[in-house]
Amino acid sequence: MTDETTDLLVVGSGVAGCAAALAGARAGAEVTLATKASRPEESTSYWAQGGIAVTRGDPDSLERDVLDAGDGASDPTAVDVLVNEADEAVQDVLIETLDVEFDSDYGREAAHEEARIRHVDASTGKHVLVPFLEYLESHESVTLLEDTAALELCTHEGRVHGAILEREGEWAPCFAGATVLATGGIGGCYRRSTNPRTATGDGIAMAALAGADVEDMEYVQFHPTAFAGKTDAETDLDRDPDRGTFLLSEAVRGEGALLRNADGERFMPGYHPDAELAPRDVVARAVATERDRTGTVVLDVTPIDFAGEFPDLAEACTERGVDIESGIPVAPAEHFLCGGIDVDVEGRASLDRLFAVGECARTGVHGANRLASTSLLEGLVWGLRAGEAAAGFEPEPIETPDLLDRDPELPDRFATEKLTRLRRVMDEQLGIVRNPDGVDRAQAVLRRLKGEIDAYTRTRTSRSLYELRGACVTALLVARAAAANDESRGCHHLVEETPIDAD
Ligand code: SIN
2 MTDETTDLLV
12 VGSGVAGCAA
22 ALAGARAGAE
32 VTLATKASRP
42 EESTSYWAQG
52 GIAVTRGDPD
62 SLERDVLDAG
72 DGASDPTAVD
82 VLVNEADEAV
92 QDVLIETLDV
102 EFDSDYGREA
112 AHEEARIRHV
122 DASTGKHVLV
132 PFLEYLESHE
142 SVTLLEDTAA
152 LELCTHEGRV
162 HGAILEREGE
172 WAPCFAGATV
182 LATGGIGGCY
192 RRSTNPRTAT
202 GDGIAMAALA
212 GADVEDMEYV
222 QFHPTAFAGK
232 TDAETDLDRD
242 PDRGTFLLSE
252 AVRGEGALLR
262 NADGERFMPG
272 YHPDAELAPR
282 DVVARAVATE
292 RDRTGTVVLD
302 VTPIDFAGEF
312 PDLAEACTER
322 GVDIESGIPV
332 APAEHFLCGG
342 IDVDVEGRAS
352 LDRLFAVGEC
362 ARTGVHGANR
372 LASTSLLEGL
382 VWGLRAGEAA
392 AGFEPEPIET
402 PDLLDRDPEL
412 PDRFATEKLT
422 RLRRVMDEQL
432 GIVRNPDGVD
442 RAQAVLRRLK
452 GEIDAYTRTR
462 TSRSLYELRG
472 ACVTALLVAR
482 AAAANDESRG
492 CHHLVEETPI
502 DAD
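The numbering used here applies: residue 2 is where the sequence shown begins, and numbers increase by one.
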């Protein structure tokens with residue numbers, strides 16, 4: 002690889018990164034969009050099912066729902082921006098620019114006052130991201146670099162000048178007038194997650210190591226209904242986590258599916274007046290409790306036309322040998338990080354010329370818990386804002402960091418073994434419920450792990466090592482934030498006793 006310069010470097014090719022690239026190009030910048038994904042399926046946006054919330058002419062109602070879900074920890078100014086720009090962003094980018102053909106009905110999901118979700122079947126992310134990438138690939142001002150990871154930010158005196166990029170084992174700086182991180186979430190730090198395994202918090206770790214402010218990392222959202230495998234014994238999450246799970250959209254419960262425990266009892270009415278449509282953190286904890294108490298929880302889809310309404314999900318269940326009529330086994334799974342790199346309403350981070358958008362950013366919209374179908378929307382709105390604000394800076398090459406001189410070799414299985422340890426401690430101590438002693442133990446384990454990884458990064462440079470370091474730094478940020486916050490709120494739920502085993 003050779004040194005490159007660009008006006009705007011965007012790292013990550015989910016919806017937020019694509020929106021930032023589009024807005025940067027529209028504002029006249031030459032944009033480099035670098036992504037470690039080699040296929041769109043490696044982005045969390047691709048897996049988004051439910052859809053994108055719009056206002057349907059009533060922004061106040063959407064605003065109320067976002068604030069209620071955030072459990073008093075959202076930033077009202079950020080929520081205002083989201084709801085006021087939602088409809089225009091969807092119309093301009095998704096409908097008029099990308100020709101996405103949404104289904105004619107509006108979906109309903111938990112904690113929404115009304116049906117207001119624009120969707121395409123239950124595979125909205127795929128239908129948005131594929132045309133977005135195709136559009137950008139043919140855009141004359143955008144260079145799309147696939148299978149290209151960002152390892153470290155290039156910084157000098159508090160300003161970010163781009164990043165070190167790696168492709169096929171070679172690395173070189175890409176100097177940029179401004180840098181937008183859109184690297185997604187942290188599901189790869191947990192055994193059971195609805196994210197692809199590549200979501201290891203790279204951007205959050207890079208920004209934190211460069212000195213950027215990171216906030217609200219304790220608020221990790223768990224989705225209540227991820228496919229749990231036919232039996233837990235068959236779902237060997239450590240060995241083959243990708244095969245273990247996929248999301249069963251909240252839209253399925255929105256249509257009328259019910260949750261039942263191993264005794265066949267519909268338990269949600271005993272936990273919350275809104276039953277299956279209670280806030281996501283409440284449903285997730287109830288599902289974990291009932292699995293722990295009775296052994297299994299299933300999604301009973303017999304009250305709805307599941308195969309007719311959700312053909313993709315019905316097919317995924319059938320492929321795995323599930324008899325849909327007897328109920329689909331479900332378990333909570335890590336789904337979304339509400340916190341991240343602290344940014345303002347333009348996506349500006351605390352370091353000069355660094356921006357962050359999408360799941361790696363903490364805009365303040367989600368507070369302590371995110372409302373369903375607001376993540377693609379937030380990525381779109383903040384992506385457009387940040388891309389425009391980040392265009393127009395001249396690249397200024399600086400001296401490159403010394404990681405360029407290191408050895409690429411890493412002992413076999415080093416990264417796999419460390420990641421397995423990391424995921425286990427995250428699941429056990431920083432999952433759906435936390436116990437203060439357990440959080441302290443997790444911090445100690447993660448610190449030791451980081452020491453072992455740092456010893457290698459002094460002499461070696463490889464993508465898997467940097468990904469592992471990113472995962473470990475991110476996990477530590479979650480653990481530290483959880484330890485510093487002694488108030489149960491939203492998805493940070495503290496208990497006295499040993500946490501429920503979400504498996
Ligand atoms: C879902 O379809 O249940 C997920 C929607 C979301 O997390 O926004």
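Cβ coordinates follow ideal geometry from the N, Cα and C atoms, glycine included.
Residue i (DSSP reduced to helix, strand or coil)
i	result
Asp81	helix
Ile205	helix
His1	Outside the displayed span of the chain (2 to 504) sits residue 1, for which this structure offers no information.
Leu431	coil
Gly163	strand
Ser194	strand
Arg386	helix
Ile96	helix
Leu420	helix
Leu495	strand
Val91	helix
Pro270	helix
Val323	coil
Gly108	strand
Gly341	strand
Glu5	strand
Thr297	coil
Ile454	helix
Residue i to residue j span [Cα, whole Å]
i	j	result
Gly452	Glu335	26 angstroms
Leu260	Arg267	6 angstroms
Val1	Leu146	The first residue shown for the chain is 2 and the last is 504, placing residue 1 beyond what the model contains.
Asp345	Ser376	17 angstroms
Cys1	Arg481	Residue 1 lies beyond the residue range present for the chain, which begins at 2 and ends at 504; the question has no answer from this structure.
Pro402	Gly432	36 angstroms
Glu110	Gly255	5 angstroms
Val440	Arg448	12 angstroms
Val55	Leu372	12 angstroms
Glu277	Arg354	44 angstroms
His367	Gln222	10 angstroms
Ala38	Ala90	25 angstroms
His493	Leu381	26 angstroms
Gly271	Thr33	52 angstroms
Arg40	Leu182	19 angstroms
Ser465	Ala332	29 angstroms
Ala21	Arg65	27 angstroms
Gln430	Leu477	12 angstroms
Asp455	Cys473	10 angstroms
Status (buried if at least 16 other CB within 10 Å, exposed otherwise) for residue i
i	result
Gly328	buried
Gly159	exposed
Gly15	buried
Gln92	exposed
Asp203	buried
Gly4	Here residue 4 is Asp; the residue named in the question, Gly, does not match the sequence. Burial call: exposed.
Ser250	buried
Asp282	buried
Gly29	exposed
Ile96	exposed
Glu167	buried
Ala285	buried
Thr246	buried
Gly189	buried
Thr319	exposed
7 angstroms Cβ cutoff met for residue i and residue j
i	j	result
Val358	Gly365	no
Ala35	Thr149	yes
Thr201	Glu468	yes
Thr226	Leu338	no
Ala206	Thr475	yes
Glu389	Ala24	yes
Arg490	Asp72	yes
Ala112	Pro304	no
Arg461	Arg407	yes
Asp324	Thr295	no
Arg119	Ile187	no
Near the ligand PLP: residue i beta-carbon under 6 angstroms from a heavy atom
i	result
Ala373	Although the ligand PLP was asked about, the structure shown includes only the ligand SIN as ligands.
Beta-ladder partner(s) of residue i, from DSSP
i	result
Pro402	BP columns for Pro402 are empty, so no partner.
Pro174	Ile165
Glu335	Ser194, Phe223
Phe356	Val181, Arg349
Ala54	Ile118
Glu153	Ile165
Glu216	Gly341
7 angstroms Cβ cutoff, residue i in contact with chain B
i	result
His494	Given the protein chain composition of this structure (a single chain), no chain B is represented.
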